[in-house]
Each structure stands twice: as structure tokens, then as C-alpha cells.
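The structure appears right after this line, and notes come after that.
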Ligand SMILES: [Zn+2]
């Protein structure tokens, strides 16, 4: 699992990284709906 931080609203959320192909993907923030690049916004690996 990765801990991601939304660059827009600052909320943190978990992301299941089990697939290993996430690095080019974008994640939609569950709080504000903003979509951001996963690689640029990893807080830490959980
Ligand atoms: Zn957000």
C-alpha cells in the first residue's frame, strides 16, 4: 500500500499498489475529485 497526498486539498488516502503497474497512472482524490499523478504525490509506503 502507498499513502498518497492530494496536492489540491491535502487529504491523505491509501492506494493499493499490489499490481506494480501504478506508476504511470493517475489517482482520483476521494475527497475533492481532483486527479493527480501517483508518483509525484507519494507520502510513504505503508
Ligand atoms: Zn483532493
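Residue numbers (our numbering): -13 to 32. Here a beta-carbon is modelled for each residue, glycine too, at the ideal position from N, C-alpha and C. Just so you know, these numbers come straight off a predicted model, no measurement behind them.
Residue i classed as buried or exposed, judged by whether at least 16 other C-beta atoms fall within 10 angstroms
i	result
residue 18	exposed
residue 2	exposed
residue -8	buried
8 Å Cβ cutoff met for residue i and residue j
i	j	result
residue 21	residue 13	yes
residue -11	residue 30	yes
residue 32	residue -1	no
For this session: For the stretch -5 to 30, list the beta strand (DSSP E) runs that are entirely contained and at least 3 residues long, ordered along the chain.
Result: -2 to 1, 12 to 14 and 21 to 23
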